[in-house]
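Report on one structure; see the data block that follows.
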Amino acid sequence: MADPLYRVRQFLRAARAAPLTNEELERVRSVLDDAALALYQTMPLGDQHHSLKIFDALRAQGYDAPPLLQAALLHDVAKRNLALGYRTGVIVLKKFSPQALARAASDDPRSWRYPFYISLHHPELGAELAARVGVDEGALVLMRAHQQDTPAFTGNDAALLTEWHHALKELDDVN
Numbered sequence: 028m029a030d031p032l033y034r035v036r037q038f039l040r041a042a043r044a045a046p047l048t049n050e051e052l053e054r055v056r057s058v059l060d061d062a063a064l065a066l067y068q069t070m071p072l073g074d075q076h077h078s079l080k081i082f083d084a085l086r087a088q089g090y091d092a093p094p095l096l097q098a099a100l101l102h103d104v105a106k107r108n109l110a111l112g113y114r115t116g117v118i119v120l121k122k123f124s125p126q127a128l129a130r131a132a133s134d135d136p137r138s139w140r141y142p143f144y145i146s147l148h149h150p151e152l153g154a155e156l157a158a159r160v161g162v163d164e165g166a167l168v169l170m171r172a173h174q175q176d177t178p179a180f181t182g183n184d185a186a187l188l189t190e191w192h193h194a195l196k197e198l199d200d201v202n
């Protein structure tokens with residue numbers, strides 16, 4: 028869990044976030060088609076910058092696989108409508124009482140507790156949103172697993188997905 032000062036800096040960056048520059052938008056467009064780009068742009072500017080920072084760090088490390096880069100850009104898309112108060116509440120509850128966060132969550136979209144559910148289940152919910160716009164299956168697998176410490180990938184791509192997951196999670200945890 029991040030230290031409180033990190034969270035304050037993260038909040039201030041998000042609050043001051045400007046729209047993406049044309050150059051930044053071109054980098055995003057290099058791996059997202061129009062439908063996925065439209066989904067990406069539904070995220071708050073702070074989340075867009077967070078995701079782009081991870082995308083850029085992955086590219087700087089030599090990663091260029093579209094599924095990984097798509098996952099980097101869209102991994103938090105399900106949190107797009109979470110109000111600041113809920114985001115703050117989630118951070119506090121995760122830090123001091125994860126069990127209370129789980130109890131507070133309700134899967135009823137009409138409930139005031141639904142945002143807690145979204146926060147807890149945003150990997151799966153985000154992958155569902157991304158699947159609707161045709162995002163690569165490999166990206167969806169990574170999105171679903173991005174908060175797990177050690178997901179058990181199977182199939183021919185298991186080793187590659189494990190490597191990509193590690194890179195994505197590591198950067199998400201520090202950005």
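Using our numbering, you'd call the opening residue of the sequence shown number 28 and step up by one each time. Even for Gly, the Cβ is constructed at its ideal location relative to N, Cα and C.
Quick check for students: name the residue ranges of the alpha helix (DSSP H) that lie wholly in the stretch 111–137, counting only runs of 4 or more.
111–123 and 125–131
To the nearest angstrom, how far is the alpha carbon of Ala87 from that of Asp199?
As a first step, residue 87 is located in the sequence shown; it is residue number 60 there, counting from the start. As a first step, residue 199 is located in the sequence shown; it is residue number 172 there, counting from the start. Straight-line Cα distance between these residues: approximately 15 angstroms.
Can you grab the Cα-Cα spacing for the pair Ile81 / Ser138, in whole Å?
Here residue 81 refers to the residue found at position 54 of the sequence shown. Here residue 138 refers to the residue found at position 111 of the sequence shown. Taking the straight line from one Cα to the other gives about 32 angstroms.
What do you reckon, are the CB atoms on Asp100 and Tyr67 nearer than 8 angstroms?
Locating residue 100 in the sequence shown gives position 73, counting from the first residue. Locating residue 67 in the sequence shown gives position 40, counting from the first residue. With the sequence shown as reference, residue 100 is identified as Leu, and Asp is not the correct amino acid for it. Yes, the pair counts as a contact, with Cβ atoms nearer than the cut-off.
Taking Cβ to Cβ, would you say Ala92 is nearer than 8 angstroms to Ala157?
As a position in the sequence shown, residue 92 is number 65, starting the count at 1. As a position in the sequence shown, residue 157 is number 130, starting the count at 1. Contact flag unset, no.
Beta-carbon separation (whole angstroms), Ser146 vs Leu109, contact threshold 8 angstroms:
Numbered from 1 along the sequence shown, position 119 holds the residue referred to as residue 146. Numbered from 1 along the sequence shown, position 82 holds the residue referred to as residue 109. Contact holds; Cβ gap of about 6 angstroms.
When you compare only the Cα positions, how much space is there between Arg107 and Thr177?
Residue 107 sits at position 80 when you count from the first residue of the sequence shown. Residue 177 sits at position 150 when you count from the first residue of the sequence shown. Computed Cα separation, rounded: 26 angstroms.
I need the straight-line Cα distance from Ala98 to Gly112, nearest angstrom please.
Stepping through the sequence shown from its first residue, residue 98 is reached at position 71. Stepping through the sequence shown from its first residue, residue 112 is reached at position 85. Computed Cα separation, rounded: 26 angstroms.
According to DSSP, simplified to helix, strand and coil, what is Trp191?
Walking along the sequence shown from the start, residue 191 turns up at place 164. In the structure shown, Trp191 sits in a helix (DSSP, three-state: H, G or I).
Please return the same chain residues whose Cβ sits closer than 6 angstroms to the Cβ of Pro94, not counting the five positions on each side in sequence.
In the sequence shown, counting from the first residue as 1, residue 94 sits at position 67. Here the set comprises Asp163, Gly165 and Ala166.
If you drop the 5 nearest sequence neighbours on each side, which residues of the same chain put their C-beta closer than 6 angstroms to that of Val117?
Translated into positions along the sequence shown, residue 117 becomes position 90. The answer, listed in chain order, is Ser146.
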